[in-house]
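Q: Going by the UniProt record's numbering, the sequence shown opens with residue 1, and the numbers climb by one from there.
Each residue gets a CB set at the ideal place from its N, CA and C atoms; glycine is no exception.
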Amino acid sequence: FIGEQKKTFSNPNRPFQANWFKAVEFCHSIGMQLATVDSRAESESLISFIKSTDKFNEQACAFWLGGSDLSEEGTFSWQGTGKLVTYTNWSPGEPNNTNGTEDCIQLVYIPRFEQRWTWNDNACKRGYMYFVCESLPQNCIQEFK
Numbered sequence: 001f002i003g004e005q006k007k008t009f010s011n012p013n014r015p016f017q018a019n020w021f022k023a024v025e026f027c028h029s030i031g032m033q034l035a036t037v038d039s040r041a042e043s044e045s046l047i048s049f050i051k052s053t054d055k056f057n058e059q060a061c062a063f064w065l066g067g068s069d070l071s072e073e074g075t076f077s078w079q080g081t082g083k084l085v086t087y088t089n090w091s092p093g094e095p096n097n098t099n100g101t102e103d104c105i106q107l108v109y110i111p112r113f114e115q116r117w118t119w120n121d122n123a124c125k126r127g128y129m130y131f132v133c134e135s136l137p138q139n140c141i142q143e144f145k
């Protein structure tokens, strides 16, 4: 029997902003990975978590997700698992790879630009963005007696 996978989200104890690479590094250092989103339900769960933190700003906020197209332009995959991104929630006109430098996915909430919890591709080295770590996927095999 393969158990149902549950996700646990975490904000660092001392939340800080970082570029995508530093966010990946930090999540790994605490045994987690940058958040992945595989369904609308997971997206809603992540959004609820973010809204419960002091990093949510009703005017505008953005958080790194664990997806990128660093390995192949235009083909997004999740850094923590290597799986292709199949569920998406891109903002209109995204991903657009502005200036050929946008490879990492961010979850954005910017109501004045009609971006309400949608995705944007941004330059991975852009700093000063919050991020959410999640528990690593576990494939539990359980024996029943």
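Just reading off the beta strand (DSSP E) that Leu-65 is part of, what are its end residues?
A: Translated into positions along the sequence shown, residue 65 becomes position 65. Residues 61-68.
Q: At which residues does the beta strand (DSSP E) containing Ser-71 begin and terminate?
A: Taking the first residue of the sequence shown as 1, we reach residue 71 at position 71. Neither: Ser-71 is in no beta strand (DSSP E) and is coded neither H nor E.
Q: Here's the rule: buried if 16 or more other CB atoms are within 10 angstroms of the residue's CB, otherwise exposed. What is Ala-35?
A: Residue 35 sits at position 35 when you count from the first residue of the sequence shown. Its Cβ being crowded by 16 or more others within 10 Å, Ala-35 is buried.
Q: First and last residue of the beta strand (DSSP E) that includes Cys-133?
A: If you number the sequence shown from 1, residue 133 lands on position 133. From DSSP, the beta strand (DSSP E) with Cys-133 extends over 133-135.
Q: Using three-state DSSP, classify Glu-102 as helix, strand or coil.
A: Locating residue 102 in the sequence shown gives position 102, counting from the first residue. Strand.
Q: Would Phe-76 and Ile-47 qualify as a contact pair, given that the criterion is a beta-carbon distance under 8 Å?
A: Here the question's residue 76 lines up with position 76 in the sequence shown. Here the question's residue 47 lines up with position 47 in the sequence shown. Contact flag unset, no.
Q: Between the segment 52-63 and the segment 108-124, are three or more C-beta pairs nearer than 8 Å?
A: Yes: at least three Cβ pairs fall under 8 Å.
Q: For a test of the three-state rule: what should DSSP assign to Ile-30, helix, strand or coil?
A: For the purposes of this step, residue 30 is identified with residue 30 of the sequence shown, where counting begins at 1. It is coil, neither helix nor strand.
Q: Given Glu-4, which residues of its chain have a CB within under 7 Å of its CB, disregarding the five upstream and five downstream residues?
A: Indexing the sequence shown from 1 puts residue 4 at position 4. Reliability fails at Glu-4, whose pLDDT of 37 lies under 50, so the model's placement of it is uncertain and no value is given.
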